[in-house]
Amino acid sequence: MEKRGQVTMFIIIGIVIVVALAVIFTFRGLIFTQEVDQQDREQVLNEAIKPVKVLVDSCIKELGNNAVELIGLQGGYIDVPEDTEPVNPLIPFSRSLDFFNNGVLEIPYWFYETDNGIQEIEVPKLEEMETRIENYIEGNINSCLDNTTSFQEYDFSRFENTNVNAVIGDKSVIIKVKSKLNVNYKELDQEIKDFNVVVESSLGELYKIGKDIFNDQNKNLFFEDKTYDIMSVYKDEIPIGGVEFSCGVKTWNYQDIYNDFTEIISANIPQFKITGTNYEDSDRFYLWKDVLRNQNYNDVNVNFLYSKQWPTFLDVNPRSGNILRTNNANSGNKNPFLSLLCMQFYNFIYDAKYPILISLTDDRGYTFQYPIQVILKNNQPREALISTDYGENILNEQFCDNRVNEVSVNAKDKFGNNLENVDISYQCANLVCDIGKTFNGNLNEKFPVCVNGFVIGNKEGYAESKRQISTDLGNNVFLEMKEIFNKEIKVLNNGFDLKNNEEALVTFEHVDNDFLKTINFPELKNVELIEGDYEVSVMIVKEGDFVINGEKKTQCIKVPRGSILGLAGFTKKECFDIDLDDLSLDSLVIGRSEFTMFATLFDLQDDNTLIVDIDTFSVPKNYDNLQETFSNLTFGSYNFER
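Add 98 to the 1-based position in the sequence shown for the working numbering, that's all there is to it.
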């Protein structure tokens, strides 16, 4: 049995926050709005000329609306980038998803794999989207003068020296146009220089939510994992690995598997929902949690879509042409447990690639969407591709350097004693700033501006402490640092010491703190703990030479009936007569317990030993006993003993 030493895992809770960039963009938008208001006040127009400005403002707003709609429908693009390489007609994946399969709506992938296996991330930046809006308006602004039938007595020049600035905010897009438009009416001649409009749109907010979703998917490969889970459930349609209790070879047709795969994926992908958004009750299998760091967007719907008409790649091996076959277990296999009479084994390896469209819609019907590719290789999720955006590294530095409001941090221990040299950092979404160290328990420094960020304290010998605060108006923060104690531990089996061939795996998970420790006893006889409540799990394993007696039995199980309507489909009962031979094992789990523990500060400070005691089963003699030891929990207890 593989022996493991102490494992320390700090599970970092996702941060409840509006992305740090939002703060910067919000301030920029406020400044831009103030500039627009100032220009409108300074530009004095004759009453006869004002209707012309109203007309042009309305037209520019319509152009802005068109640009924003295109940006949303096409994943941040107005002009879709062309493929640099020819598309393989057998596997027609390109850098864009052809939504209707007719070229009318092509949406660039944010993640895709090229024909030669190179993975690409092409997430548009907010500044790039603003530039595309600006270019669209600048290229079409003269069309605003094409329909002036109600101004037949007016003479217009064409727009000259046009400069467009657009700022995307959470709920609006501000568009500022500087140009020269000469208007002549009767004997009046006047020049209009500034046109300023606001397009009501959630583009900025939906983009940031969409980027959070993309980053989580790209890091954790949520859809790759769920795809394999779904394939495993539909084992009648998509065979992966298992046993057929039959004397005859079973076969499958590849084309049937491909058709079932696309049908099953198209039925299940739309069921997935993201917590924190607007959705109806959903089975927990379909819930994607912690993506938005507990932020609530109840006015936003997030939907996922896959169409059978979209390019899909599925390969399975081993197969002969389109035929997949089982292997007879008796074929040269000398293992008595595997060579059961009339058993067919199979183990198929899948490669798959298909697109998912991620669509975000607000309560006014505005949509921002983009596609990604989901990729399995050898039954495994593709390797996560981490984006190393130099620009974002620069932004992190700029964010951390832009410290505005002073925050006072006080770090103390359990007894109120100030702690020296506690490392203080501030985390705002994925931006982390080192602030400094405490002196006499205190730190008074300016912090970057962030809403619902986390002040984090770290000091050797203490568990990490974290407190959520907003720094937009300054703040005072108290961090209680919990001391870590190295405690001697002893694990008992029914009140007795473990035998030489027994060992225990013990895990302590703190209920209120991201603090978890696992030890393998007796290899390790000490564990680090902090004060508080724990969920404790214990497993005792016995090593040796064990024989599970063979037997003949009938086993009936319920299996999916091949439904393509979702995971919660109908089942059918299948019964098998099994001749089970003797089974030889070199280790057995003889006891498994779970219980709660409260470690007081007195318990941890005292010169004592933590005693963990659990009941165990006798060594199993048959298959039923073996199943019982795996399935049932035994009684467990603890105490601190001097």
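Think of the CB as a built atom: it goes at the ideal place given N, C-alpha and C, for glycine as much as any other residue.
Everything numeric in this text was worked out from a predicted model, so none of it was measured.
* Below 8 Å on the Cβ atoms is my guess for Ser685 versus Glu641; work out the distance and round it to an integer in Å. => Counted from its first residue, the sequence shown places residue 685 at position 587. Counted from its first residue, the sequence shown places residue 641 at position 543. That pair is a contact at about 5 Å.
* To do: Put Ser405 into one of helix, strand or coil per three-state DSSP.
  => The count along the sequence shown starts at 1 and reaches residue 405 at position 307. Looking at Ser405 - three-state DSSP - the assignment turns out to be coil, as it is neither helix nor strand.
* Below 7 Å between beta carbons: does that hold for Gly743 and Phe552? -> No answer is possible for residue 743: it lies beyond the span of the chain, which begins at 99 and ends at 740.
* Out of Leu724, Trp350, Leu458, point me to the one whose CA is closest to Asn445's CA. => The residue you call residue 445 lines up with position 347 of the sequence shown. It is Trp350.
* What does DSSP give as the partner residues of Ala509 in its beta bridges? -> What you label residue 509 is simply residue 411 of the sequence shown in a count that begins at 1. For Ala509, which the question treats as bridged, DSSP gives the partners Leu577.
* Asked: Cβ of Ile367 within 7 Å of Cβ of Phe312?
  -> Taking the sequence shown and counting its residues from 1, one reaches residue 367 at position 269. Taking the sequence shown and counting its residues from 1, one reaches residue 312 at position 214. No.
* What first and last residue would you give for the alpha helix (DSSP H) that runs through Asp643? -> If you number the sequence shown from 1, residue 643 lands on position 545. Not the alpha helix (DSSP H): Asp643 falls in the beta strand (DSSP E), residues 630–646.
* Which full runs of the alpha helix (DSSP H) of 4+ residues lie inside the segment 538–596, going along the chain? -> You should have found no qualifying run.
* To do: Would you mind giving the Cβ-Cβ distance between Ser71 and Ile712, rounded to the nearest angstrom? I have them listed as a contact below 8 Å.
  => With the chain covering 99 to 740 only, the question about residue 71 has no answer from this structure.
* Report the residue from Arg740, Asn357, Thr714 whose alpha carbon sits nearest the alpha carbon of Glu600. => In the sequence shown, the residue the question calls residue 600 occupies position 502. Across the set Arg740, Asn357, Thr714, the C-alpha of Thr714 shows the shortest separation from the C-alpha of Glu600.
* To do: Identify, in the order they occur along the chain, each residue of the same chain with its Cβ nearer than 7 Å to the Cβ of Ala120, setting aside the five sequence neighbours on each side.
  => Taking the first residue of the sequence shown as 1, we reach residue 120 at position 22. At Ala120, the pLDDT of 42 sits below 50, so the modelled position is not reliable and the matter cannot be decided from this model.
* **Assigned exposure category for Gly419 - 16 Cβ within 10 Å defines buried** => Start at 1 with the first residue of the sequence shown, and residue 419 comes out as number 321. Within a 10 Å sphere around the beta-carbon of Gly419 sit fewer than 16 other beta-carbons, which makes this residue exposed.
* **Coil, strand or helix - Val166 by DSSP** => By one-based count along the sequence shown, residue 166 stands at place 68. It is helical.
* Asked: So what does DSSP say about Phe293, is it helix, strand or coil?
  -> Looking up residue 293 in the sequence shown gives position 195. Correct three-state label for Phe293: strand.
* To do: Using a Cβ cut-off of 7 Å (strictly closer), state whether Asn282 contacts chain C.
  => Absence of chain C from the displayed structure is noted, only one protein chain being present.
* Let me know if Asn394 comes out buried or exposed under the rule of 16 or more other beta-carbons within 10 Å of its beta-carbon. => Taking the sequence shown and counting its residues from 1, one reaches residue 394 at position 296. It counts as exposed.
* Between which two residues does the alpha helix (DSSP H) harbouring Thr229 extend? -> On the sequence shown, residue 229 is found 131 positions in, with the first residue counted as 1. For Thr229, the enclosing alpha helix (DSSP H) has its first and last residue at 224–238.
* **Distance CB(Met227)-CB(Gly162) smaller than 7 Å** => To locate residue 227, count along the sequence shown from 1; it is residue 129. To locate residue 162, count along the sequence shown from 1; it is residue 64. Between Met227 and Gly162, the gap from beta carbon to beta carbon reaches 7 Å or more.
* Cβ neighbours of Thr605 in the same chain (closer than 6 Å, five flanking residues each side left out) -> Stepping through the sequence shown from its first residue, residue 605 is reached at position 507. Excluding residues within five positions, the ones whose Cβ falls inside 6 Å are Thr616, Ser635.
* To do: Please work out which residues of its chain come closer than 6 Å, Cβ to Cβ, to Glu218, disregarding the five sequence neighbours upstream and downstream, and give them in chain order.
  => The residue labelled residue 218 in the question sits at position 120 within the sequence shown. Closer than 6 Å at the Cβ level, and outside the excluded window around Glu218, lie Tyr210.
* If we ignore side chains and look at the alpha-carbon of each, how far apart do Asn477 and Asp213 end up? -> Residue 477 sits at position 379 when you count from the first residue of the sequence shown. Residue 213 sits at position 115 when you count from the first residue of the sequence shown. Just so you know, the alpha carbons of Asn477 and Asp213 end up roughly 19 Å apart.
* Asked: If Ile522 and Lys535 are in contact, beta carbons under 8 Å, what's the gap, nearest whole angstrom?
  -> On the sequence shown, position 424 is the one that residue 522 refers to. On the sequence shown, position 437 is the one that residue 535 refers to. Indeed, because the Cβ distance is near 7 Å, the residues count as touching under 8 Å.
* Asked: When you compare only the Cα positions, how much space is there between Asn618 and Val639?
  -> Residue 618 sits at position 520 when you count from the first residue of the sequence shown. Residue 639 sits at position 541 when you count from the first residue of the sequence shown. Asn618 and Val639: Cα-Cα distance of roughly 11 Å.
* To do: Could you tell me whether the segment 553–570 touches the segment 503–522, using the rule of 3 or more Cβ pairs below 8 Å?
  => Touching, per the Cβ criterion.
* Give me the Cα-Cα distance between Lys597 and Arg417, rounded to the nearest whole angstrom. => As a working mapping, residue 597 is identified with position 499 in the sequence shown. As a working mapping, residue 417 is identified with position 319 in the sequence shown. Cα-Cα distance, rounded: 50 Å.
* Close Cβ partners of Lys276 (< 7 Å) along its chain, the five nearest in sequence each way excluded -> By 1-based counting over the sequence shown, the position of residue 276 is 178. Hits under 7 Å: Asn261, Lys291, Asp292.
* Separation of Thr375 from Glu481, as counted between CA atoms -> Taking the sequence shown and counting its residues from 1, one reaches residue 481 at position 383. Taking the sequence shown and counting its residues from 1, one reaches residue 375 at position 277. Computed Cα separation, rounded: 28 Å.
* Asked: In this structure, does DSSP put Thr313 in helix, strand or coil?
  -> Within the sequence shown, the letter at position 215 stands for residue 313. The sequence shown places Asn at residue 313, not Thr. DSSP places Asn313 in helix when its eight states are reduced to three.
* Asked: By the 10 Å Cβ neighbour count, where 16 or more other Cβ atoms means buried, how is Arg740 classified, buried or exposed?
  -> The count along the sequence shown starts at 1 and reaches residue 740 at position 642. Residue environment: Arg740 is assigned as exposed (fewer than 16 neighbouring CB atoms within 10 Å of its CB, all protein chains considered).
* Asked: With 16 as the cutoff for other CB atoms within 10 Å, does Thr424 come out buried or exposed?
  -> On the sequence shown, position 326 is the one that residue 424 refers to. By the 16-neighbour rule on beta-carbons within 10 angstroms, Thr424 is buried.
* Taking buried to mean at least 16 other C-beta atoms within 10 Å of its own C-beta, is Glu726 buried or exposed? -> For this step, residue 726 is matched to residue 628 along the sequence shown. The Cβ neighbour count for Glu726, taken over all protein chains shown within 10 Å, is under 16; the residue is labelled exposed.
* Take Asn415 and list the residues in its own chain whose beta-carbon comes closer than 6 Å to its own, dropping the five residues that flank it on each side. => Position 317 of the sequence shown, counted from the first residue, corresponds to residue 415. Sequence-distant Cβ neighbours of Asn415 in its own chain, meaning closer than 6 Å and more than five residues away, are Ile447.
* Asked: For Pro479, which residues does DSSP report across the bridge?
  -> For the purposes of this step, residue 479 is identified with residue 381 of the sequence shown, where counting begins at 1. DSSP lists Leu474 as partners of Pro479.
* **Residue range of the unbroken beta strand (DSSP E) whose run includes Thr325** => In the sequence shown, residue 325 corresponds to position 227, counting from 1. Note, Thr325: premise wrong, no beta strand (DSSP E); alpha helix (DSSP H) at 320–331.
* Same chain, Cβ closer than 8 Å to Leu455, five either side skipped, listed in chain order -> Against the sequence shown, residue 455 aligns to sequence position 357. Excluding the 5 residues flanking it on each side, Leu455 has same chain C-beta neighbours closer than 8 Å at Leu195, Phe197, Ile205, Phe402, Leu403, Tyr404, Gln467, Tyr468, Pro469, in chain order.
* **8 Å contact criterion, which Val271 and Ser299 should meet: CB distance rounded** => As a position in the sequence shown, residue 271 is number 173, starting the count at 1. As a position in the sequence shown, residue 299 is number 201, starting the count at 1. Their Cβ separation, rounded to whole angstroms, is 5 Å, which keeps Val271 and Ser299 in contact under 8 Å.
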